[in-house]
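Its first residue numbered 1, the sequence shown is counted upward by one per residue in this note's numbering. Note that beta-carbon positions come from the ideal geometry of N, C-alpha and C, so glycine has one too. Everything numeric in this text was worked out from a predicted model, so none of it was measured. Data block below; observations after.
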Amino acid sequence: MNDKMNSSWWALRIGLGAAPFLAGLDKYFNLLAKWELYLNPLALRLIPVSPATFMHAIGLVEMAVGLAILTRWTRLGAYVAAAWLVGIALNLLAMGAFLDVAVRDLLLALAALTLAQLTEARQAVAEGRIPG
């Protein structure tokens with residue numbers, strides 16, 4: 001794999017791994033945002049726990065996805081991140097709020113899909129299935 005593709009892979013891997021991990025961690029501290037504001041009021045009626053407890057669980061999932069991307073499960077973590085980000089965007093669109101964040105999350109989902117595909121190509125080169 002050429003140097004430009006390799007550096008792009010690393011940039012996406014570090015960025016898309018660190019961001020969800022740190023956002024997940026922040027679900028416990030609310031330094032970056034008051035995360036409960038991003039919950040759809042309908043979801044608040046359906047979940048059997050407090051909004052804070054729900055966001056703590058969400059934080060654990062986000063930290064796991066971030067760690068997957070940063071470790072040997074990059075491809076799987078990237079696909080999960082893409083689906084997760086689309087879900088977040090759909091939640092925000094359904095609320096009719098934070099539309100700028102919804103658009104950003106859809107673009108991040110595309111970046112996560114790109115990381116997953118670059119990871120597949122990188123693995124194929126490493127295994128000799130396609131020439132580097």
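Mind checking whether the beta-carbon of F21 lies closer than 7 Å to any heavy atom of the ligand MG?
With respect to the ligand MG, the structure shown offers nothing to examine, as it has no ligands at all.
To the nearest whole angstrom, what separates the beta carbons of A102 and L93, a pair I think is in contact under 8 Å?
Start at 1 with the first residue of the sequence shown, and residue 102 comes out as number 102. Start at 1 with the first residue of the sequence shown, and residue 93 comes out as number 93. Contact flag correct, Cβ pair sits at about 5 Å.
T114 - DSSP class collapsed to helix/strand/coil:
Locating residue 114 in the sequence shown gives position 114, counting from the first residue. Looking at T114 - three-state DSSP - the assignment turns out to be helix.
With 16 as the cutoff for other CB atoms within 10 Å, does I130 come out buried or exposed?
If you number the sequence shown from 1, residue 130 lands on position 130. Under the 10 Å beta carbon count, I130 is surrounded by fewer than 16 other beta carbons and is classified as exposed.
Please give the ranges of any alpha helix (DSSP H) in the region 35 to 64, keeping only runs that are unbroken, at least 4 residues long and fully inside the region.
The region 35 to 64 contains these whole alpha helix (DSSP H) runs: 41 to 46.
Cβ neighbour criterion (16 or more within 10 Å) applied to K4:
As a first step, residue 4 is located in the sequence shown; it is residue number 4 there, counting from the start. Exposed is the call here.
Counting only beta-carbon atoms, is T114 nearer than 8 Å to chain B?
The chain labelled as chain B is not found in the depicted structure, where only one protein chain is given.
Mapping DSSP to helix, strand and coil, what is A97?
If you number the sequence shown from 1, residue 97 lands on position 97. Reduced to three states, the DSSP call for A97 is coil.
Hey, could you find the ends of the alpha helix (DSSP H) L32 is sitting in?
As a working mapping, residue 32 is identified with position 32 in the sequence shown. From DSSP, L32 is part of no alpha helix (DSSP H); its letter is neither H nor E.
Collapsed DSSP secondary structure at G128 in the structure displayed
Numbered from 1 along the sequence shown, position 128 holds the residue referred to as residue 128. Looking at G128 - three-state DSSP - the assignment turns out to be coil, as it is neither helix nor strand.
Excluding sequence positions up to five away, which residues of its chain have a Cβ less than 6 Å from the Cβ of I88?
Your numbering for residue 88 matches position 88 in the sequence shown. D105.
So, is G128 buried or exposed, given that buried needs 16 or more other C-beta atoms within 10 angstroms?
In the sequence shown, the residue the question calls residue 128 occupies position 128. G128 counts as exposed, since fewer than 16 other beta carbons sit within 10 angstroms of its beta carbon.
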